[in-house]
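As they're listed, the protein sequences go chains S and U. In terms of the working numbering, the first sequence opens at residue 207 and continues consecutively. In terms of the working numbering, the second sequence opens at residue 31 and continues consecutively. Backbone N, C-alpha and C fix where the C-beta goes; we use that ideal spot for every residue, glycine too. Because the structure is a prediction, the values reported are computed rather than measured. Here's the structure we're looking at; comments come further down.
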Amino acid sequence: MNAPGGIGAARYIGERMPRKEDGRLLTGRGTYVDDVVVPGMLHVAFARSPMARGRIVSIDTTMAKAMPGVHAVLTEADLARIPVTLLSFFMMPMEVETTLLARDRVAYVGDPVALIVATDRYLAEDAAGAVMVEYDEETPVVTIADARAAPPIHPDAASNVAATMGEDEPNPDLERALRGAAHVVERTLTHQRISQSPMETRGVVSAPQGDEELTLYITCQSPSVIARSVALSLGMPDLSIRVIAKDVGGSFGLKNTPWREELAVIAASLILQRPLKWIEDRLENLISANQAREQEMTLRIGFDAEGKLVASHCDYGINNGAYPQGADANVAVHAFLWAAYKMPAYGFLTRGWYTNTVGLAAYRGPWAMESYGREVLLDIAAREMGIDPIEIRRKNLVTRADQPCMTAFGMPLEDITPADCLEKLLRHFDVGAFRAEQAEARKAGRYLGLGFAVYIEPTGTAGSMPVMTGETVSVRIEPNGKVQAMLGTHSQGHGTATTMAQVIAEELGVRYEDVNVFEGDSSRGGYGPGAAGSRQGVIGGGAAVKAASLLRDKVKQVAAHVLNASPDAVTLERGTIRVAGAEEMTRSLREIAEIAYGEPARLPHGVGTGLEVTYRYDPPPVTFTSAAHAAIVEVDGDTGFVKIKRWISSEDCGVMINPAVVEGQIAGGLAQAIGTVLLEEFHYDERGNPTTATYKDYLLPTIFDVPDFEYVHANTPSQAAGGFRGVGEGGAIIGPPTLVNAIADALAPFGEIPLDLPLTPAKLLAVITGKPLSPQHHAAHPAAAAGDAAAPAPTPDDPGIAAVLAGVEPERIDPPTAAGAAVDGTWKLVMATPMGPQEMTARFATDGTTLMGALESPEGSQEFAGTAEGPNLRWEMKVTKPMPVTLKYDLTVTGDTLAGKCKMGMFGSAKVSGERA
Amino acid sequence: MSEHPIALTINGQAYTGRIEGRLTLADYLRVNAGYTGVHVGCEQGVCGACTVIVDGRAVRSCLMLAVQADGSEVRTVESLAAPDGTLHPVQQAMRDNFGLQCGFCTPGILMTMAVLHDRKEPAGEDEMIAAMSGHICRCTGYQGIRRAIRQLTGSAEPAQEGAH
Ligand code: FES
Ligand code: FES
């Protein structure tokens, strides 16, 4: 194990220490949100829309209000007394108006229409059934294919494109490279909608204490994020908000941000000045908690004759539903698609689409489609070109010798080890022996398959996006010698109280049992985004290393002074202080702590009392985790049923704090990947009605679906303090392609398998028998299945797309031919960035065709020079924040408005619009 | 709404009261009796989180009405450990094998395991694993649960625990 630590110090980093969380959780003494009871608390239920799209003609709450135990029935008109702004995880307002309850229209089945407050949940649900709503039903837009063709579902959106980036017209150089490639593979892959399905659903207890204080118990991923977000959403800067989330029953991205229901309950509690509890039931969770992953991707990859990558293009779309938690084109898919491979040229178009379905939220590894698309197509290419799937990866993976380097997307890359992970994996697995077994089995009519996948993942990101911050750790040694640590890290099952205690105990030199870790309370830990982006081990761990070592230094300084020794001669191990060569000087930590707190006169000059340190750690901007996985499956030729026989993970997650926790994270992610590939599918019918609203219909993996995983820990220390790398999301990213490749290998004698997840037995049986699937509910997505995304670049006669392409009204696509449009002066510009609209002020001054100017944004002002050819303005400018990138503006002035785009290097293009100030 | 008198024993303690006919046993145990170790994950009888022991049998308390437990002896996860805090073997096995992450599914899993482990002829590995098919865990991928079962049933140790 790669544990650092002093000579003779107790090693906890790298050990399978028993979890600190387990004592309470095994005995039923945990505190999840539904376990919280506040005096005077009332219960909330929601009346929800039964249809995917419609206008609300009237809402009659009279009968509901008259029911026994009912205290209030609130509609959006009532809640509007407190104007609430919904915010994304990036703390940005929504691009379309998103109210807490539906106001005059409903946009998905489950859209909350009224909030009922009663003395218990049973009575609240009775009353919810008695809220009379008259609707005028409209035709819903359900799939991405529907969204492409339909007029906008939101009155305040120009089209159903929620967000877009990338090249909206074919890039001639890239197309030439692809045309010139010796071999090209192109496939369209579709990914079903996934419900994150934490076993604990969403829930909140909102307890106002007068006008100035609010205590929230809420199941979430970070109490401090919730405190910040709720304060901003409510626009009540003077409200003191404390957020407590002691135990959380899983989240997987769902509980990142407080959403409509939680904020509606909070607003209602403030209006009624009563503590309110809302616990989502599973039906609500499956139909009205935001979901993830409904995507399609058309990927083209060109290879040279040897199988080396030449160029690639990806057209990608993701269903954002009606109210996504931030409109999202998922540009991270493109940032990471080729990051681990030597890819000379890459281009993409990426779009998010509004539909009348429940909105998009995060799910473990939100960009995972990149690994699915890439690794599956690499295997297809290998098969077509007659190259071994391992060789095609060896030829193209970025090795240590290639680093540091830039990715095809323009991202600096350093410290990745995917090629090493693959080689270490192969040392633990005899491919030749398997191939022989596979050949024998085929003769006997048994279909075994082997699949590989390789990937890298950004973890512990900090400093480049405003909400992705460092972490604070406060550690103090109490006068009794026990250690208390207050952290902003937060476990939804991650076991951070365990891992952080291990780091602190080792670095400080105390017993693991003597370290108490307190998390889950915004009033205790420092600000931190919690569990998001596989960051807690890297950043929380790094902060724990730093804080504990600073505190150890202070203990040594005090002890040396008290014992009249040199600080270098003092050691602290397992809570005992020793002086080298002077056994009689041995003291317990408690003795020194008592002096440090109670006897200031015995402390060194200038040293304050107490033994406590708070340290805020800012890690390197990103720490990469790499992995290679292999899976062996057997597909039953009679049933199409997939049995996973073996699965080996070879991952580099840096220094492991607790291998059992690491393996638990990988296994959990892989189990979710198995669900994604074989079982799970949240499905809507063509009217937008959910058809998988129970766990009898939405199939989660059981113990029979998940094999025993094997682990090769191919670890190398990272450059972050402690050497840790993140490991929370990886299994969910690399798992799907590993399994799909194994299934494809097993069924290779029959031809190619479909790439629309999940790969149900029926779909695989169709491959085996050569008989197409009988039409079933998948027929609801004919366009998507038929590869609508594979269509060539959108044509201008598609009005929705045309508007998007131009970023403006269609008539503004062609620049006016009349030259000399007045350009000079001050303009207000808005750029649509992935993190929300960014406002800027531009000043232009032209001299002939020369353009001079300056651009002002909240980040500062920058001058530029470019060209003005008639109404067409072009300039370039370099910026360094949030990342170094050259911005290329291309705008066209029409009267007092202007429009166009800004190419942002690796981030694709953003629409820019503006008007004269 | 109908009210019914009930009298039952929960974790060895006698309880009496008048309750509504539609109140689930899960809600009675959690809300009326305060045993919040009973977790409700689906209310659809699928996830198993709400499993308690009623008269010696593992039962989904979300699918049973409290009135049906009238006269019964009910045990929840809070009763598993000995009064001195010593964990029940199934709890210890889950702890030793990192059988839980978020812990939400855990009480139900423990109750099913306890019934199978404590009966006169304790269940073997296959039977226990078969019983686990009625429990959903979204966190662990069932790795530690399977290891815990192997420890409890004395079957072979898990294949390998990571090469370094
Ligand atoms: S809550 Fe009873 S089975 Fe899920
Ligand atoms: S430990 Fe979280 S659901 Fe099982």
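Residue 565 (chain S) has its CB no nearer than 8 Å to any heavy atom of ligand 2. DSSP, reduced to helix, strand and coil, places residue 809 (chain S) outside both helices and strands of the structure shown, so it counts as coil. By the 16-neighbour rule on beta-carbons within 10 angstroms, residue 106 (chain U) is buried.
Nearest CB-CB separation between residue 860 (chain S) and chain U: not below the 9 Å threshold.
Counting only beta-carbon distances shorter than 7 Å to the non-hydrogen atoms of ligand 1, the qualifying residues in chain order are U:56, U:70, U:71, U:72, U:73, U:74, U:75, U:76, U:77, U:78, U:79, U:80, U:90, U:91, U:92 and U:93. Chain-ordered, the chain S residues with CB closer than 7 Å to the CB of residue 162 (chain U) read 909. For residue 97 (chain U), the closest Cβ of chain S is not nearer than 9 Å. The beta carbons of residue 229 (chain S) and residue 896 (chain S) sit no closer together than 9 Å.
Counting along the chain, residue 674 (chain S) sits inside no alpha helix (DSSP H), nor does DSSP assign it H or E at all.
In the displayed model, residue 405 (chain S) falls within coil according to three-state DSSP, outside both helix and strand. When CB distances to chain U are screened at a threshold of 7 Å, the residues of the stretch 393-415 of chain S falling below it are 403, 404, 405 and 406, in chain order. Placement of the Cβ of residue 121 (chain U) at a distance of 8 Å or more from every heavy atom of ligand 2 is found.
If you check the C-beta of residue 306 (chain S) against ligand 2, you find no heavy atom less than 8 Å away. Taking C-beta atoms as the reference points, residue 84 (chain U) and residue 34 (chain U) fail to come closer than 9 Å. The C-beta separation of residue 1103 (chain S) from residue 1120 (chain S) comes to about 7 Å, placing the pair in contact by the 8 Å criterion. Nearest C-alpha to residue 605 (chain S) among S:572, S:383 and S:549: S:549.
Going by DSSP, residue 258 (chain S) is part of no alpha helix (DSSP H) at all; its letter is neither H nor E. In the pairwise beta carbon analysis, the stretch 382-396 of chain S is classified as not touching the stretch 428-435 of chain S: fewer than three pairs are separated by under 8 Å.
Using a Cβ-Cβ distance cut-off of 8 Å, the stretch 229-239 of chain S and the stretch 131-142 of chain U are in contact, since at least three pairs of beta carbons, one from each stretch, lie closer than that value. Closest in C-alpha terms to residue 558 (chain S), from the list S:1072, S:366 and S:359, comes S:366. Looking at the backbone, the Cα of residue 226 (chain S) and that of residue 930 (chain S) are separated by about 20 Å.
Looking from the CA of residue 673 (chain S), the closest CA among S:242, S:297 and S:647 belongs to S:297. A Cβ-Cβ separation of about 18 Å leaves residue 746 (chain S) out of contact with residue 663 (chain S) under the 8 Å criterion. Remark: the shortest separation between the CB of residue 898 (chain S) and any heavy atom of ligand 2 does not fall under 8 Å.
Here the alpha carbon of residue 462 (chain S) sits roughly 8 Å from the alpha carbon of residue 568 (chain S). Against residue 83 (chain U), chain S offers no close residue; the least beta-carbon distance is about 13 Å (beta-carbon pairs closer than 9 Å). Counting C-beta pairs with one atom in each stretch, the stretch 408-415 of chain S and the stretch 511-528 of chain S have fewer than three that are closer than 8 Å, which means they do not touch. Under a criterion of Cβ atoms nearer than 7 Å, the residues of chain U adjacent to residue 231 (chain S) are, in order, 130, 133 and 136. For residue 405 (chain S), the CB falls within less than 8 Å of some heavy atom of ligand 2.
Beyond the five residues adjoining it in sequence on each side, residue 915 (chain S) comes within less than 8 Å, by CB distance, of 853, 854, 855, 869, 872, 873 and 876 in the same chain, given in chain order. For residue 153 (chain U), the nearest beta carbon of chain S is not closer than 9 Å to its own beta carbon. The DSSP-derived three-state label of residue 400 (chain S) is strand. In this structure, the alpha-carbon of residue 265 (chain S) lies about 35 Å from that of residue 60 (chain U). Against chain S, a Cβ distance below 8 Å from residue 43 (chain U) picks out nothing, because the smallest value is about 15 Å. Going by DSSP, residue 900 (chain S) is part of no alpha helix (DSSP H) at all; its letter is neither H nor E. Beta-carbon to beta-carbon, residue 697 (chain S) and residue 725 (chain S) are separated by about 7 Å, close enough to satisfy the 8 Å threshold.
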